[in-house]
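What follows is one structure encoded as structure tokens, with my remarks underneath.
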Amino acid sequence: MEPIAEILYTEEEIRKRVQELAAQISKDYQDKNLLLVGILKGSFIFLADLCRQIAFPCKIDFVAVSSYGMRAESSGVVRIIMDTRESLEQKDVLIVDDIYDRGLTLNYLKENFLTRRPASVKICALLKKELSQEVKVKIDYLGFKVPNKFIVGYGLDFAEEFRNLKYIASLKDEYIKEKMK
Ligand code: PRP
């Protein structure tokens with residue numbers, strides 16, 4: 024069965040938007056101590072493209088988190104399973120993620136990072152789901168809005184597949200149902 028329902032953003036559209044975000048970030052952080060922190064795994068392609076468009080050398084690190092509870096539940100708990108190697112102290116931390124969905128991950132990480140004496144903590148998310156999020160988090164740099172469908176590609180997966188698509192797409196409901204059987 025063809026899994027893709029609709030291509031939402033093409034490779035070219037993504038490239039252009041990532042360039043725009045990087046230009047804004049380069050301007051805002053030119054005199055700062057920028058540390059980009061990508062959230063694994065979903066952000067790896069976005070971060071790789073974004074950092075290469077930033078106009079000056081900057082530090083890069085990663086965290087991995089695990090969400091407890093079913094995705095459909097509202098009481099998900101987020102836990103860091105791999106922390107940054109860099110200290111965040113005195114750094115201007117920019118959290119980079121692929122998607123702001125329910126908001127649990129970004130909210131948790133921002134609050135957690137703020138306790139580590141950083142100079143500042145902001146968020147850059149490539150995508151945001153159109154429907155209102157359970158947890159409101161300020162997204163300082165946003166790429167695109169996407170419909171409340173299952174989104175894959177450019178780092179985003181369904182059951183660990185589709186991360187390597189060059190575009191961002193929605194999956195067919197029938198395909199998801201078939202795979203969940
Ligand atoms: C996804 C995505 C975000 C998070 C967003 O990660 O990459 O980090 O969920 O969801 P939230 O706003 O509801 O917290 P996932 O747990 O699927 O892991 P992955 O990045 O390794 O695919």
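Residue 24 is where the sequence shown starts when you use my numbering, and the numbers rise one by one after that. In this text, a Cβ means the ideal position worked out from N, Cα and C, and glycines have one as well.
Could you please give me the residues that DSSP links to residue i through a beta bridge?
{"i": "glutamate 184", "result": "Phe181"}
{"i": "glutamate 29", "result": "Ser193"}
{"i": "leucine 63", "result": "Ala87"}
{"i": "leucine 57", "result": "Asp115"}
{"i": "lysine 6", "result": "Past the edges of the chain, shown from 24 to 204, lies residue 6, and the structure says nothing about it."}
Just mark residue i as buried or exposed, buried being the case when its beta carbon has 16 or more other beta carbons within 10 Å.
{"i": "serine 155", "result": "exposed"}
{"i": "serine 11", "result": "Residue 11 is absent from the structure shown; the chain starts at 24 and stops at 204."}
{"i": "threonine 128", "result": "buried"}
{"i": "valine 86", "result": "buried"}
{"i": "aspartate 54", "result": "exposed"}
{"i": "phenylalanine 79", "result": "exposed"}
{"i": "leucine 137", "result": "exposed"}
{"i": "serine 97", "result": "Confidence is the limiting factor: at serine 97 the pLDDT is only 42, short of 50, which leaves the residue's position unreliable and the question unanswerable from this model."}
{"i": "aspartate 124", "result": "buried"}
{"i": "alanine 182", "result": "exposed"}
{"i": "glycine 178", "result": "buried"}
Considering residue i, what are the terminal residues of the beta strand (DSSP E) in which it resides?
{"i": "valine 169", "result": "164 to 169"}
{"i": "isoleucine 146", "result": "143 to 152"}
Please report the residue range of the alpha helix (DSSP H) in which residue i lies.
{"i": "lysine 50", "result": "34 to 51"}
Query raised in the report: What beta strand (DSSP E) runs, 3 residues minimum, are completely inside the region 94 to 128?
Result: 100 to 105 and 115 to 123
Query raised in the report: Are the region 104 to 112 and the region 67 to 78 touching by the rule of at least three beta carbon pairs closer than 8 Å?
Result: no
Query raised in the report: Using 8 Å as the threshold, is the region 140 to 157 in touch with the region 114 to 122, meaning 3 or more CB pairs across them?
Result: yes
Query raised in the report: Does the count of Cβ pairs from the region 32 to 47 and the region 158 to 173 closer than 8 Å reach three?
Result: yes
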